[in-house]
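One structure is given below, encoded as structure tokens.
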């Protein structure tokens with residue numbers, strides 16, 4: 003059972019205190035721990051989860067967990083974030099929030115690679131789309147998902 007903030011701090015890389023012998027000497031890791039906690043707090047605020055800081059992560063809803071996972075992934079300061087079906091199982095009320103955060107990552111210059119079946123989200127966020135079925139290009143899948151006859155704006159950017 004870990005709190006939201008503890009969960010966030012796990013995402014930080016190269017923590018001096020990870021080695022058990024360093025853990026015995028607080029002066030080696032205390033300042034780094036403080037910086038990690040500041041970054042975690044800033045990300046929780048960005049994802050509007052700062053009020054949940056002390057709550058157990060296990061009590062969060064599915065959508066809140068996905069926000070926490072995204073925020074924790076950013077602890078490593080990546081240039082690329084990969085998301086597997088970020089909208090799957092998410093309450094419709096939280097989908098808009100998730101979508102805004104994903105767009106925010108993209109707008110900040112981060113590359114966001116995702117697998118998603120929610121075509122409204124894909125159309126809203128994606129700059130270009132690769133459509134595949136069982137690992138292969140398939141025009142019928144493009145038609146089923148994007149509707150070739152509907153004039154979707156994504157069709158101009160679809161990679162077959």
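Numbering (the numbering used here), first residue to last: 3 to 162.
Where a beta carbon is used, it is the ideal one built from N, C-alpha and C, also for glycine.
Exposed or buried, residue 89, counting other C-beta atoms within 10 Å across all chains shown (16 or more means buried)? buried
By Cβ distance below 8 Å, which residues in the same chain neighbour residue 166 in space, the five residues on each side in sequence not counted? The question about residue 166 has no answer here: the residues shown for the chain are numbered 3 through 162.
What do you get for residue 117, buried or exposed, if any count of 16 or more other CB atoms within 10 angstroms of its CB means buried? exposed
With DSSP collapsed to three states, give me the class of residue 145. DSSP, read as helix, strand or coil, puts residue 145 in helix.
Who are the near neighbours of residue 138 in its chain, counting only those whose CB is closer than 8 Å to its CB and skipping five residues on each side? none
Just list the residues that DSSP pairs residue 113 with in beta bridges. 82
Between the Cα of residue 51 and those of 120, 73, 145 and 135, spot the shortest distance and give me the residue it belongs to. 73
Roughly how many angstroms separate the alpha carbons of residue 147 and residue 109, rounded to a whole number? In this structure, the straight-line span from the alpha carbon of residue 147 to that of residue 109 is close to 25 Å.
If we ignore side chains and look at the alpha-carbon of each, how far apart do residue 3 and residue 136 end up? 38 Å
In terms of residues, what are the limits of the alpha helix (DSSP H) holding residue 8? 6 to 12
Suppose contacts are defined by Cβ-Cβ distances below 7 Å. Is residue 6 in contact with residue 54 by that definition? Taking 7 Å as the cut-off, the Cβ atoms of residue 6 and residue 54 count as close.
When the Cα atoms are used, what is the spatial distance from residue 127 to residue 120? 11 Å
Given a cut-off of 7 Å on the beta-carbon distance, is the pair residue 82 and residue 113 in contact? Result yes, Cβ atoms of residue 82 and residue 113 sit closer than 7 Å.
Cut-off 8 Å between Cβ atoms - residues of its own chain near residue 9, not counting five sequence neighbours on either side: These residues qualify, in order along the chain: 59, 70 and 74.
Inspect the beta-carbon positions of residue 134 and residue 101 and report whether they are closer than 7 Å. For residue 134 and residue 101, no; Cβs fall outside 7 Å.
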